[in-house]
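Participant: Could you have a look at this structure, given as structure tokens, before my questions?
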Amino acid sequence: MLRTADTHPWRIADTNWLQVGAQLALAGLWLALFRPVGDYLLMILSHEHYHTNQIMLIGILVLAVQQMVGRPLRLRLDAPPRLHWPPLLLALGASLGFLVVERFLDVNSFSAVLAGLATYGLLGLWMPLPAWRRSLPVALLLIGVLPFGDHLQTFIGYPMRIVTAAIVRDGLAAVGVHTVGVDTILVFENGISQVDIPCSGVKSLWSGMMFLLAATWIRHKPINLRWLLVAGVFGVLLFAANLARVTALVVVGPVAGWPLLAEMLHLPLGVLGFVAACAAAVALLDRWVVSAAPPAVARSARQPAWLTPALIIAVAALAWLYTPRPADSAGAAITHWQFPAELSTQPLPLTAAERDWLMRDGAEAAERWRFDWRGLRGSFIIVTSRTWRAHHQPERCFEVYGLSLDDSRTHLVDSDFPLRFVALGDGDHHSVLSASYWFQSTTATTDDYGARIWSDLSTQRTRWVLVSILFDSVVDPSAVDVAALYRGLQQAVAQNLVDS
Numbered sequence: 032m033l034r035t036a037d038t039h040p041w042r043i044a045d046t047n048w049l050q051v052g053a054q055l056a057l058a059g060l061w062l063a064l065f066r067p068v069g070d071y072l073l074m075i076l077s078h079e080h081y082h083t084n085q086i087m088l089i090g091i092l093v094l095a096v097q098q099m100v101g102r103p104l105r106l107r108l109d110a111p112p113r114l115h116w117p118p119l120l121l122a123l124g125a126s127l128g129f130l131v132v133e134r135f136l137d138v139n140s141f142s143a144v145l146a147g148l149a150t151y152g153l154l155g156l157w158m159p160l161p162a163w164r165r166s167l168p169v170a171l172l173l174i175g176v177l178p179f180g181d182h183l184q185t186f187i188g189y190p191m192r193i194v195t196a197a198i199v200r201d202g203l204a205a206v207g208v209h210t211v212g213v214d215t216i217l218v219f220e221n222g223i224s225q226v227d228i229p230c231s232g233v234k235s236l237w238s239g240m241m242f243l244l245a246a247t248w249i250r251h252k253p254i255n256l257r258w259l260l261v262a263g264v265f266g267v268l269l270f271a272a273n274l275a276r277v278t279a280l281v282v283v284g285p286v287a288g289w290p291l292l293a294e295m296l297h298l299p300l301g302v303l304g305f306v307a308a309c310a311a312a313v314a315l316l317d318r319w320v321v322s323a324a325p326p327a328v329a330r331s332a333r334q335p336a337w338l339t340p341a342l343i344i345a346v347a348a349l350a351w352l353y354t355p356r357p358a359d360s361a362g363a364a365i366t367h368w369q370f371p372a373e374l375s376t377q378p379l380p381l382t383a384a385e386r387d388w389l390m391r392d393g394a395e396a397a398e399r400w401r402f403d404w405r406g407l408r409g410s411f412i413i414v415t416s417r418t419w420r421a422h423h424q425p426e427r428c429f430e431v432y433g434l435s436l437d438d439s440r441t442h443l444v445d446s447d448f449p450l451r452f453v454a455l456g457d458g459d460h461h462s463v464l465s466a467s468y469w470f471q472s473t474t475a476t477t478d479d480y481g482a483r484i485w486s487d488l489s490t491q492r493t494r495w496v497l498v499s500i501l502f503d504s505v506v507d508p509s510a511v512d513v514a515a516l517y518r519g520l521q522q523a524v525a526q527n528l529v530d531s
């Protein structure tokens, strides 16, 4: 919507105010179309949990300003768009994809990616085509710096951990070690690893690709087929580094019986693998991808008078077609619970703010109780919903109340009953409380938030229940009485789901 002027950067005398008004209308319609993503990004970028992403975003903006030093822009607000087909097709295609995701998936991170790509395409109509292509790494960096690393961990982390554990199990079986199964590997690796560090699993893929995009931008490399080959090899190297890390940890821990040594090794092994993969990626980038040569004389593109009205009509039609995923019409959840007779419970009502927060995100029912079970005391909350949005990771709730997350690992109560056991501290690595939670439907029980989200991607959503327990003291999840409590609550939830 801006163009280079011949004299003053903000000429007024010969400004085409009709074109300015039309382009302001186009901008307004564009913002209206992607307003759900705007609300989501504003909420995410203002949350203290995402300080790393905010710092990265500021760093990219500072680097962009530095790159623009000595290249002053003379801009006009009445510059008509150019008929560039690649940006136009990207803008319209990504916008249609956004409508599909909003209607059928309702996953904010996917919608945000498509909104970013569509906006990049739209801006390309006011840029020379070579400059638009050269700015692709910057656009991808700005999109990727948003909290997609956490969401990728949620969406892809679970199947990636399963694949990694299966490969490690098969590899060990090939050399004669048959006592280590997938569940054993998952429980052990989750118990000693931290998923919020850049060298861990899917997080390493996100951090690595951000590194590769930054190197591409700084070294003035184009994104082409050779670059995609480098990115593919880099992804394989990152996966191989993570696979080697998990293999080494399992060999040292469950196989050799040195879990403390494995806990000491997991971080340095992850960092070394990540650094080695990044170094290899830079070498491949310099060797395989030729730096983009500055264009000769840019070929002028057509600026037809009909393009701006056509864009306004197209974006208005897309905004009119926008339809969020409808709420399920099934009946409400049954809130009558039949707990074990030995479990003494007393209702502990949620505050109005807590209840409004859960119901706003789609919870059908949310109840909390104090309990007394064979000398164990604490509280638990049960949240029933057909949408994953109402099921949050309880670790963050614990941290909000000033408790530190000292440990979070998978614990198998039974072979088909995994739950997440959490050790909570006072901030000085002194464990003061224990907590546990799991997600349960009529057909599955899991401690993995990603698995819970994956279940919602089907056309027919099922009812799930989040059970979150906070003990008044430190407990051993393997203790007989604690395991009996877990099984009793799981059976009560199962009966409630059947009755519903």
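Under our numbering, residues 32 to 531 are what the sequence shown spells out, in order. Beta carbons: idealized from backbone N, C-alpha and C, even for Gly. Bear in mind the structure is a predicted one, so any value in this text is a computation, not a measurement.
1) Nearest-angstrom Cα distance between residue 90 and residue 181?
2) DSSP has residue 436 in a bridge; who is on the other side?
3) Nearest by alpha-carbon distance to residue 265: which of 288, 144, 314, 295 is it?
4) For residue 254, does the three-state DSSP call read helix, strand or coil?
5) Assuming residue 469 and residue 450 form a contact by the criterion Cβ under 8 Å, report the distance between their Cβ atoms to the nearest whole angstrom.
6) Return the chain-ordered ranges of every alpha helix (DSSP H) run that is complete within the stretch 69 to 122 and spans a minimum of 4 residues.
7) According to the neighbour-count rule (16 or more other Cβ atoms, all chains shown, within 10 Å of its Cβ), is residue 295 buried or exposed?
8) Residues bridged to residue 498 by DSSP?
9) Could you pull the start and end residues of the beta strand (DSSP E) that residue 475 belongs to?
10) May I ask you to verify whether the stretch 513 to 522 touches the stretch 401 to 411, counting CB pairs closer than 8 Å and requiring at least 3?
11) Residue 442 by DSSP, collapsed to three states: which one?
12) Report the start-end ranges of each alpha helix (DSSP H) in the stretch 236 to 293 that is 4 residues or longer and not cut off at the edges.
13) Are the Cβ atoms of residue 476 and residue 452 separated by less than 8 Å?
14) Looking only at its chain, what residues have a beta carbon closer than 7 Å to the beta carbon of residue 292, apart from the 5 residues adjacent to it on each side?
15) Reducing DSSP to helix, strand and coil, say where residue 399 ends up.
16) With a cut-off of 8 Å, do at least 3 Cβ pairs link the stretch 304 to 319 to the stretch 62 to 82?
17) Can you look up residue 131 in the DSSP assignment and give me helix, strand or coil?
18) Buried or exposed: which applies to residue 239, given that a residue is buried once 16 or more other Cβ atoms fall within 10 Å of its Cβ?
19) Is residue 418 closer than 8 Å to residue 401 when the C-beta atoms are compared?
20) Look at the alpha carbon of residue 50 and the alpha carbon of residue 337, and state the distance between them as a whole number of angstroms.
21) In three-state terms, what does DSSP make of residue 35?
22) Please report how far the alpha carbon of residue 362 lies from the alpha carbon of residue 415, in whole angstroms.
23) What did DSSP end up calling residue 332 once you bin it into helix, strand or coil?
24) What residues in its chain sit with their C-beta under 6 Å from that of residue 503, if we drop five residues either side in the sequence?
25) Please classify residue 48 as buried or exposed, where buried requires at least 16 neighbouring CB atoms within 10 angstroms.
26) Is DSSP giving residue 518 helix, strand or coil here?
27) Check for me: the beta strand (DSSP E) holding residue 340 runs from which residue to which?
28) Who are the Cβ neighbours of residue 168 in its own chain at under 6 Å, not counting the five residues just before and after it?
29) Between residue 345 and residue 145, is the Cβ-Cβ spacing less than 8 Å?
Facilitator: This is what the structure holds:
1) Numbered from its first residue, the sequence shown carries residue 90 at position 59. Numbered from its first residue, the sequence shown carries residue 181 at position 150. Rounded to the nearest angstrom, the two C-alpha atoms are 19 Å apart.
2) By one-based count along the sequence shown, residue 436 stands at place 405. Answer by DSSP bridge pairing, in chain order: 455.
3) Residue numbering aside, residue 265 sits at position 234 when the sequence shown is read from its first letter. Nearest C-alpha to residue 265: 314.
4) Sequence index remark: in the sequence shown, residue 254 carries index 223 (1-based). Coil at residue 254, not helix or strand.
5) Locating residue 469 in the sequence shown gives position 438, counting from the first residue. Locating residue 450 in the sequence shown gives position 419, counting from the first residue. The Cβ separation is near 4 Å, so the contact holds.
6) Entirely contained in the stretch 69 to 122, the alpha helix (DSSP H) runs reaching 4 residues are, in chain order, 82 to 99.
7) Position 264 of the sequence shown, counted from the start, is the residue given in the question as residue 295. With fewer than 16 other Cβ atoms within 10 Å, it is exposed.
8) Working through the sequence shown from its first residue, we reach residue 498 at position 467. Its beta-bridge partners are 413, 469.
9) For the purposes of this step, residue 475 is taken as the residue at position 444 of the sequence shown. Looking at the DSSP string, residue 475 is not in any beta strand (DSSP E), and its letter there is neither H nor E.
10) yes
11) Locating residue 442 in the sequence shown gives position 411, counting from the first residue. In the structure shown, residue 442 sits in a strand (DSSP, three-state: E or B).
12) 256 to 281
13) The residue you call residue 476 lines up with position 445 of the sequence shown. The residue you call residue 452 lines up with position 421 of the sequence shown. No, these two residues do not count as a Cβ contact at 8 Å.
14) Position 261 of the sequence shown, counted from the start, is the residue given in the question as residue 292. These residues qualify, in order along the chain: 283.
15) Within the sequence shown, numbered from 1, the residue matching residue 399 stands at position 368. Collapsing the DSSP output to three states places residue 399 in a strand.
16) no
17) Residue mapping note: residue 131 aligns to position 100 of the sequence shown, counting from 1. In this structure, residue 131 counts as helix in the three-state DSSP scheme.
18) By one-based count along the sequence shown, residue 239 stands at place 208. Looking at its Cβ environment, which holds 16 or more other Cβ atoms inside 10 Å, residue 239 is buried.
19) Here residue 401 refers to the residue found at position 370 when the sequence shown is read from its first residue. Here residue 418 refers to the residue found at position 387 when the sequence shown is read from its first residue. No. Outside cutoff.
20) Reading the sequence shown from its first residue, position 19 is the one you call residue 50. Reading the sequence shown from its first residue, position 306 is the one you call residue 337. Straight-line measurement puts the Cα of residue 337 at about 11 Å from the Cα of residue 50.
21) Translated into positions along the sequence shown, residue 35 becomes position 4. The predicted model places residue 35 with a pLDDT of 43, which falls under 50 and marks its position as unreliable; any figure quoted below should be read in that light. DSSP places residue 35 in strand when its eight states are reduced to three.
22) If you number the sequence shown from 1, residue 362 lands on position 331. If you number the sequence shown from 1, residue 415 lands on position 384. Reliability of the predicted coordinates at residue 362 is poor, the pLDDT of 49 falling under 50, and the value obtained from them is presented with this limitation in mind. Whole-angstrom Cα-Cα distance: 12 Å.
23) The count along the sequence shown starts at 1 and reaches residue 332 at position 301. Taken through DSSP and simplified to helix, strand or coil, residue 332 comes out as coil.
24) Against the sequence shown, residue 503 aligns to sequence position 472. The residues are 408, 409.
25) Reading the sequence shown from its first residue, position 17 is the one you call residue 48. It counts as exposed.
26) On the sequence shown, residue 518 is found 487 positions in, with the first residue counted as 1. If DSSP states are grouped into helix, strand and coil, residue 518 belongs with the helices.
27) Along the sequence shown, one-based indexing puts residue 340 at 309. It is not in any beta strand (DSSP E) - residue 340 instead sits in the alpha helix (DSSP H) that spans 338 to 352.
28) As a first step, residue 168 is located in the sequence shown; it is residue number 137 there, counting from the start. Same-chain partners within the cutoff: 244, 247, 248.
29) Residue 345 sits at position 314 when you count from the first residue of the sequence shown. Residue 145 sits at position 114 when you count from the first residue of the sequence shown. Pairing residue 345 with residue 145 gives a Cβ-Cβ distance that is not under 8 Å.
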